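K.L.:
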Amino acid sequence: MEKDKKPLLEVKSLKKYFPVEKGFWRKVVGYVRAVDKVNLYVNEGETLGLVGESGCGKTTLGRCILRAIEPTEGNILFRLNDKVIDITKLDKESLRRMRRHAQMIFQDPYSSLDPRMTVLDIVGEPLVVNNIAKGEEMEERVKDLVKIVGLNVKHLKRYPHAFSGGQRQRIGIARALAPNPKFIVADEPVSALDVSVQAQILNLLQDLQAEFKLTYLFISHDLSVIEHISDRVAVMYVGKIVEMAETEELFLNPKHPYTEALLSAIPIPDPRLRRERIVLSGEVANPANPPSGCYFHPRCKYAKDICAKEEPEWREVNPGHFVACHFAEELKLQGVPA
Ligand code: SF4
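Note that UniProt numbering gives residue 206 to position 206 of the sequence shown, counting from 1, and the numbers run on in steps of one.
#1: Considering only residues of the same chain and omitting the five flanking positions on each side of Phe327, which have a CB-CB separation below 7 Å?
#2: According to DSSP, which residues form a beta bridge with Leu50?
#3: Is His321 near ligand 1, with its Cβ less than 8 Å from a heavy atom?
#4: What is the C-beta distance between Cys56 and Leu14, in whole angstroms, given that I count them as a contact (C-beta under 8 Å)?
#5: Could you round the C-beta distance between Val42 and Pro7 to whole angstroms and report it? I think they count as a contact, below 8 Å.
#6: Buried or exposed: which applies to Trp314, given that a residue is buried once 16 or more other Cβ atoms fall within 10 Å of its Cβ?
#7: Between Val142 and Val123, which are expected to be in contact by the criterion C-beta below 8 Å, what is the C-beta distance as a whole number of angstroms?
#8: In this structure, how does DSSP classify Tyr31 when only helix, strand and coil are distinguished?
#9: For Cys325, collect the residues of the same chain with a Cβ closer than 6 Å to its Cβ; drop the 5 residues on either side in sequence, then sort them by chain order.
#10: According to the Cβ coordinates, are Asp194 and Gly165 closer than 9 Å?
#11: Apply the 10 Å Cβ neighbour rule to Lys332 and answer buried if 16 or more other Cβ atoms are within range, or exposed otherwise.
#12: List, from N- to C-terminal side, the alpha helix (DSSP H) runs of 4 residues or more that fit wholly inside the stretch 68–104.
#13: Judging by CA-CA distance, which residue of Lys147, Asn318, Pro290 is the nearest neighbour of Ala245?
#14: On the three-state DSSP scale, how would you describe Glu139?
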């Protein structure tokens, strides 16, 4: 962790295992390791991009951090008014009070908004629930929020179906902003949108971050989006973070073979620049029955005997550059200009 920066959030050895039940008596016969001993931190005012293939546990991790689903084990340390609280230890009432400081923007602007509620009700609800404002004061604050996210205040009484996908995502963002949070988990917030609208929403999120000093955990499967918005990037594979570094460092100088393979798939606009695309063989590991040792070893072209036997240690190989690979210091991997 960088010495001069303060982490707002620190996740330590976080696990979320879902039981696999079988038979009439629903006997537990195993566990799906959706989040498996994850360590990461997010500095105040920055965006940490969380990237990985779909199904790797990114969304589960984001929800565990906000305790929208209960983690199985581990610690989630959140700095609030210069005190560090462990979110995993909060009782129901303390968690409810803490939630106004940590909000979520959801992937699908079509299903994440209640179709029976008007914009006023949707954006105003967190203000009422958190005892921040009600009645006319609430309405005034909703008007401000709606303007901030670029919507028309005349449309407060409209229902979500009357808006386009991009406008609905703006409503979702206004709702997340309503209780004046410090931290936002944005879960694939642009992946359901057209490319032109994606850029507008990404720019809006960046403007809001600067204006309100927000800290983001930005989840996406799309490395181009991650590169555009993130100060640092964490790469996830089958429930584990395998690499984390500053964006430019991770793109130019990857240390994990999985990161190298993901980067090799990014299209380069200049046809004169040739680059080898690494096509991963084999299937993504099954989180209910992961391989021994390094989970990536059946697909890794650099794997050696030790990789199937021992789990690689999560360690800092350069200042602020963390990786879990036995050969991180030796491999010369191919990056891309960020
Ligand atoms: Fe590949 Fe071995 Fe490194 Fe895993 S530990 S990424 S299998 S080289």
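Quick reminder that beta carbons are idealized off the backbone N, C-alpha and C, glycines included. None of these values were measured; they are calculated from a predicted model.
P.N.:
Short version:
#1: Tyr302
#2: Ile219, Ala234
#3: no
#4: Not quite, the Cβ-Cβ distance comes to about 15 Å (not below 8 Å), so this is no contact.
#5: 6 Å
#6: buried
#7: 5 Å
#8: strand
#9: His256, Pro312
#10: yes
#11: exposed
#12: 92–98
#13: Asn318
#14: helix
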